Amino acid sequence: MLGTSIRLTVESPDGEAVCDKILQRLSEIEQLMSVQIDNSEVNRINALAGISPVAVSESTWTVVTGALRIAEASDGAFDPTIGPLVDAWAIGSDHPRIPEPAEIAALRLLVDWKAVRTDSGARTVFLEKTGMKMDLGGIAKGYAADEAVRIATENGVRSGIMDLGGNLYVMGSKTDSRGKSVPWSLGIQRPDATRGEILGVLQARNCTLVTSGDYERFFEADGVRYHHIIDPRTGYPARSGLVQAGILSPESSMTCDGLSTAVFILGMEKGLALLDKFPGFSGLLVDKDHHVIPGKGFPVADFSMDEEATAPDAGYVLESSRD
Ligand code: ADP
Ligand code: MG
29 MLGTSIRLTV ESPDGEAVCD KILQRLSEIE QLMSVQIDNS EVNRINALAG ISPVAVSEST
89 WTVVTGALRI AEASDGAFDP TIGPLVDAWA IGSDHPRIPE PAEIAALRLL VDWKAVRTDS
149 GARTVFLEKT GMKMDLGGIA KGYAADEAVR IATENGVRSG IMDLGGNLYV MGSKTDSRGK
209 SVPWSLGIQR PDATRGEILG VLQARNCTLV TSGDYERFFE ADGVRYHHII DPRTGYPARS
269 GLVQAGILSP ESSMTCDGLS TAVFILGMEK GLALLDKFPG FSGLLVDKDH HVIPGKGFPV
329 ADFSMDEEAT APDAGYVLES SRD
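In our numbering, the protein residues as written are 29 to 351.
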């Protein structure tokens with residue numbers, strides 16, 4: 029889930045200690061929510077699918093219920109029970125494959141966010157059908173970014189960058205060489221390019237930007253790109269006409285993360301309609317012809333596609349390392 033490069037920059041006299049606390053929390057989140065880890069809470073929910081509810085931590089509860097809210101708002105385009113299809117395609121593993129149509133049809137019956145029963149009193153999660161499988165890969169990284177910011181803030185950090193590969197959170201503003209407070213510049217990945225090439229740069233303070241695209245994890249067969257974001261309505265990698273969806277907000281990276289995956293699946297028109305339901309969240313979408321379309325509320329005046337733009341402080345252009 030967090031199988032990504034993490035880069036933390038905090039402006040603080042004890043930056044090292046703060047980063048250690050954050051990294052410890054990120055690893056805790058991974059232990060709870062990764063499907064890659066056998067005894068994670070999510071895998072316990074999965075093991076007891078069709079059998080019994082599972083009591084979960086407050087963290088997992090927050091992410092599961094957040095995911096269900098996005099599932100409902102997106103009419104199931106985002107579906108945290110996508111697990112059986114993710115497993116069948118095995119994209120990103122060393123043995124990806126194209127499942128048979130009959131297999132896809134059978135597995136689609138197990139992908140059903142409405143069959144996730146939650147009990148807020150007991151704080152339990154129950155997958156009603158045997159064989160269902162929860163996969164929080166489309167949203168947990170956003171939660172992790174929110175937690176990184178929470179911990180940094182609690183430790184007195186007012187300014188910094190939490191970069192969780194595709195999930196970016198910039199805190200406060202940057203102090204330039206003359207000691208002046210200026211916005212951070214965030215590099216937005218150019219789709220279909222190798223990591224490091226940018227589409228443009230956004231000048232912003234205190235906000236989170238989360239990007240989903242078809243270039244993160246994929247394999248190619250007969251000239252077709254099969255990527256890791258699955259459309260639950262077809263069982264195949266989403267083909268909505270978008271190659272990238274970036275979501276910006278001053279609030280919740282978790283919601284941005286869920287929305288970026290949902291918008292990518294829904295495509296331009298329905299994706300923008302979904303964002304209308306989330307005040308405070310705006311999109312920057314890129315279609316397959318590489319037209320860049322800002323949604324309502326996206327701060328276009330602060331976004332520059334100038335190739336000469338100065339190197340951004342944060343985003344894809346940075347090498348993965350830890351400050
Ligand atoms: P990334 O993890 O590359 O940053 P996303 O946030 O878009 O990108 O999440 C993709 C992950 O979400 C997939 O690897 C898979 O675990 C999960 N996923 C795939 N399809 C869906 C879907 N329709 N709804 C919810 N989660 C999905
Ligand atoms: Mg996402």
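All C-beta atoms, glycine included, are put in the ideal place defined by N, C-alpha and C.
Since we're looking at a predicted model, the values are computed, not measured.
Asked: In angstroms with no decimal places, state the Cα-to-Cα distance between Tyr197 and Phe326.; Found: 16 Å
Asked: Cβ-heavy atom distance between Ala267 and ligand 1 below 7 Å?; Found: Correcting the residue type first, residue 267 is Arg in the shown sequence and not Ala. Answer for Arg267: no, Cβ out of range of ligand 1.
Asked: Using the rule of at least 16 other Cβ atoms within 10 Å of the residue's Cβ for burial, across every protein chain shown, is Ser205 buried or exposed?; Found: exposed
Asked: Looking at the structure shown, is Ala249 part of a helix, part of a strand, or coil, going by DSSP?; Found: strand
Asked: Note down, in chain order, each residue of its chain lying with its Cβ closer than 7 Å to the Cβ of Ser85, except the 5 sequence neighbours on either side.; Found: Leu60 and Glu69
Asked: Can you confirm whether the region 295–306 touches the region 314–324 when touching is taken to mean that 3 or more C-beta pairs between the two stretches lie within less than 8 Å?; Found: yes
Asked: Might you give, ordered along the chain, the residues of its own chain that have their beta carbon closer than 7 Å to the beta carbon of Val153, omitting 5 neighbours on each side?; Found: Ile73, Pro81, Val82, Val84, Val92, Val144 and Thr146
Asked: Can you tell me whether Ser348 is buried or exposed, with buried defined as 16 or more other CB within 10 angstroms of its CB?; Found: Because the pLDDT at Ser348 is just 33, under 50, the model does not fix this residue reliably, and the point stays unresolved.
Asked: Whole beta strand (DSSP E) runs in the region 230–296 with 3 or more residues, listed along the chain?; Found: 235–241, 246–249, 252–255 and 270–277
Asked: Which same chain residues, not among the five before or five after Val210, have their C-beta less than 7 Å away from its C-beta?; Found: Ser201, Lys202 and Asp204
Asked: Below 6 Å CB to CB, which residues in the same chain sit around Asp242 once its five sequence neighbours on both sides are set aside?; Found: His255 and Val271
Asked: Is Val238 a contact residue of ligand 2, with contact defined as CB to any heavy atom under 7 Å?; Found: yes
Asked: In terms of residues, what are the limits of the beta strand (DSSP E) holding Arg35?; Found: Arg35 to Val38
Asked: Once you ignore the five residues that flank Val114 on each side, which residues in its own chain have a CB closer than 7 Å to its CB?; Found: Asp163 and Ile258
Asked: Span of the alpha helix (DSSP H) holding Ser87?; Found: Glu86 to Ala101
Asked: Going by the C-beta, is Val114 closer than 7 Å to any heavy atom of ligand 1?; Found: yes
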